[in-house]
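Student: According to the numbering used here, the sequence shown is numbered sequentially starting from 42.
Ideal Cβ placement from N, Cα and C applies to all residues, glycine included.
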Amino acid sequence: GCFKAVLNMVSIDTKFLFQDSCGLEGSIDHELRLDEFTGVIVPIPSSANRQKKTKDLLNQGVSFAPETFQDPREPKIKFAHGTTTLGFTLDKYVVVACDSRASMGSVIASNTVKKIVHINDFIVGTIAGGAADCQYWERVLTTECRLHELRNDEKITVAAASKLLANIMYSYRGYGLSLGVIMAGYDITGPSIFYVDSDGTRLKHHLFSVGSGSPHAYGILDSEYRSDLKEEDAVELARKAIYHATHRDAASGGTIRVVVIDEHGARSVWEGDMNELHEKYQKAKAKYRSDQMST
């Protein structure tokens, strides 16, 4: 373990010849890294030299604009995103909920996507935007948080984890990433929640909802949220907000999942089909109307 930690921090000035996809030859400084899966020590270009190489390509007229990669004979790809995720903090814990639908425009690609990613035992992140972008960069963040824990012998805070992701996103602005993540968790400061997107924006608040169904979810959250809710009531509020979003937003649906994070870690507390909730809430609505008419 000590050897691995030291190796990750050591860089060498040895020159390696490389041939890239543009047919350019040159030499760059590399860092030695231990491959996690094969156990082989491999040379990896340092981040500073990767940035320098990108600048050199731009100076030579190489364009990274979408027109460079888009086939002029085919129509442009238009991403149509759809999901509903939410999270809110309470006095002693955080509640996170989401649907499970992945869509490709008007086509439902999947109804079983797990949109709550466990960064570690006390931090989770949600998926909204491009599924591949969110899944990849949250895996990268998981690695960085684990390395932080190994180097400092303590778990990373939610604020630090969200800042890491925001810094990564800021460095990739303009590359066409699509990502809107709710980072929620419990650390030494207590429960906290942040919003991070692909522009590098990072916000802290007590309540967030992200996705095409978020306006419908906000309608429920803004009217019924209180910071002193009991866990059972908080879970009911979260799934009720997600249900109303899935009922009104065609791009949201499938299975509703709710996770609670407290001083003991993150745990899944409820998972069920939105159609079951539809029957439940419709019956309650009909009963309410009947009671109103009788009075």
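With a 10 Å radius around its C-beta and 16 neighbouring C-beta atoms as the bar for buried, classify residue 147 as buried or exposed.
Tutor: By one-based count along the sequence shown, residue 147 stands at place 106. With fewer than 16 Cβ atoms within 10 Å of its Cβ, residue 147 is classed as exposed.
Student: May I ask you to report which of helix, strand or coil DSSP gives residue 99?
Tutor: If you number the sequence shown from 1, residue 99 lands on position 58. Correct three-state label for residue 99: helix.
Student: Could you check what DSSP says for residue 134 in three-state terms: helix, strand or coil?
Tutor: Position 93 of the sequence shown, counted from the first residue, corresponds to residue 134. Correct three-state label for residue 134: coil.
Student: How would you call residue 179, buried or exposed, if buried means at least 16 neighbouring beta carbons within 10 angstroms?
Tutor: Taking the first residue of the sequence shown as 1, we reach residue 179 at position 138. So residue 179 ends up on the buried side.
Student: Can you tell me where the beta strand (DSSP E) holding residue 223 begins and where it ends?
Tutor: The residue given as residue 223 occupies position 182 in the sequence shown. Note, residue 223: beta strand (DSSP E), 221 to 228.
Student: Which same chain residues, not among the five before or five after residue 133, have their C-beta less than 8 Å away from its C-beta?
Tutor: Stepping through the sequence shown from its first residue, residue 133 is reached at position 92. For residue 133, where only same-chain residues beyond five positions count, the Cβ hits under 8 Å are 231, 232, 303 and 304.
Student: Can you tell me where the beta strand (DSSP E) with residue 143 in it begins and where it stops?
Tutor: By one-based count along the sequence shown, residue 143 stands at place 102. Taken as a continuous stretch (DSSP letters only), the beta strand (DSSP E) holding residue 143 covers 143 to 145.
Student: Note down the Cα distance separating residue 328 from residue 175, rounded to an integer number of angstroms.
Tutor: Indexing the sequence shown from 1 puts residue 328 at position 287. Indexing the sequence shown from 1 puts residue 175 at position 134. Going from the Cα of residue 328 to the Cα of residue 175 covers about 42 Å.
Student: Is it true that the CB of residue 281 sits closer than 7 Å to the CB of residue 297?
Tutor: Here residue 297 corresponds to residue number 256 of the sequence shown, with the count starting at 1. Here residue 281 corresponds to residue number 240 of the sequence shown, with the count starting at 1. It is not a contact, given that the beta carbons lie outside the stated cut-off.
Student: Tell me which residues share the same chain as residue 214 and place their Cβ nearer than 7 Å to its Cβ, disregarding the 5 neighbours each side in the sequence.
Tutor: Within the sequence shown, residue 214 is the residue found at index 173, counting from 1. The answer, listed in chain order, is 240 and 241.
Student: List the whole-angstrom C-beta distance separating residue 140 from residue 229, where the pair is believed to meet the contact cut-off of C-beta under 8 Å.
Tutor: For the purposes of this step, residue 140 is taken as residue 99 along the sequence shown, with counting starting at 1. For the purposes of this step, residue 229 is taken as residue 188 along the sequence shown, with counting starting at 1. Residue 140 to residue 229, Cβ: 32 Å. No contact.
Student: Would you kindly check if the distance between the Cβ of residue 129 and the Cβ of residue 248 is under 7 Å?
Tutor: For the purposes of this step, residue 248 is identified with residue 207 of the sequence shown, where counting begins at 1. For the purposes of this step, residue 129 is identified with residue 88 of the sequence shown, where counting begins at 1. For residue 248 and residue 129, yes; Cβs fall inside 7 Å.
Student: Is residue 153 closer than 7 Å to residue 126 when the C-beta atoms are compared?
Tutor: On the sequence shown, position 85 is the one that residue 126 refers to. On the sequence shown, position 112 is the one that residue 153 refers to. Not closer than 7 Å, so no.
Student: Just confirm the distance between the C-beta atoms of residue 170 and residue 250, as a whole number of angstroms; I'd bet it's less than 8 Å.
Tutor: In the sequence shown, residue 170 corresponds to position 129, counting from 1. In the sequence shown, residue 250 corresponds to position 209, counting from 1. No, residue 170 and residue 250 are not in contact; Cβ-Cβ is about 14 Å, not under 8 Å.
Student: Taking C-alpha atoms, which residue in 265, 204 and 321 lies nearest to residue 237?
Tutor: As a first step, residue 237 must be located in the sequence shown, where it is residue number 196. Looking at the Cα atoms, 204 is the closest of the given residues.
Student: Assuming residue 123 and residue 307 are in contact, meaning their beta carbons sit under 8 Å apart, how far apart are those beta carbons, in whole angstroms?
Tutor: Indexing the sequence shown from 1 puts residue 123 at position 82. Indexing the sequence shown from 1 puts residue 307 at position 266. That pair is no contact at about 25 Å.
Student: Here's a check: name, in chain order, each residue in its chain whose Cβ is nearer than 6 Å to the Cβ of residue 310, leaving out the five neighbours to either side.
Tutor: One-based indexing of the sequence shown puts residue 310 at position 269. For residue 310, where only same-chain residues beyond five positions count, the Cβ hits under 6 Å are 276, 299 and 301.
Student: Look up residue 233 in the DSSP assignment and say whether it is helix, strand or coil.
Tutor: By one-based count along the sequence shown, residue 233 stands at place 192. DSSP places residue 233 in strand when its eight states are reduced to three.
Student: In whole angstroms, what separates the C-alpha of residue 256 from that of residue 286?
Tutor: Along the sequence shown, one-based indexing puts residue 256 at 215. Along the sequence shown, one-based indexing puts residue 286 at 245. So the alpha carbons of these two residues sit roughly 8 Å apart.
Student: According to DSSP, residue 162 sits in a beta bridge with which residue or residues?
Tutor: As a position in the sequence shown, residue 162 is number 121, starting the count at 1. For residue 162, which the question treats as bridged, DSSP gives no partner whatsoever.
Student: Can you tell which of 102, 319 and 223 has its C-alpha closest to the C-alpha of residue 137?
Tutor: As a position in the sequence shown, residue 137 is number 96, starting the count at 1. The shortest Cα separation from residue 137 among 102, 319 and 223 belongs to 223.
Student: Is the beta carbon of residue 270 closer than 7 Å to that of residue 131?
Tutor: Here residue 131 is taken as the residue at index 90 of the sequence shown, counted from 1. Here residue 270 is taken as the residue at index 229 of the sequence shown, counted from 1. It is a contact, given that the beta carbons lie within the stated cut-off.
Student: How about residue 142 and residue 313: are their beta carbons less than 7 Å apart?
Tutor: Counted from its first residue, the sequence shown places residue 142 at position 101. Counted from its first residue, the sequence shown places residue 313 at position 272. Result no, Cβ atoms of residue 142 and residue 313 do not sit closer than 7 Å.
Student: Should residue 326 be labelled buried (16 or more other beta-carbon atoms within 10 Å of its own) or exposed?
Tutor: Start at 1 with the first residue of the sequence shown, and residue 326 comes out as number 285. It counts as exposed.
Student: Terminal residues of the continuous beta strand (DSSP E) containing residue 306?
Tutor: Counting from one through the sequence shown, the residue named residue 306 turns up at place 265. Residues 306 to 314.
Student: Consult DSSP for residue 214 and reduce its assignment to one of helix, strand or coil.
Tutor: On the sequence shown, position 173 is the one that residue 214 refers to. Coil at residue 214, not helix or strand.
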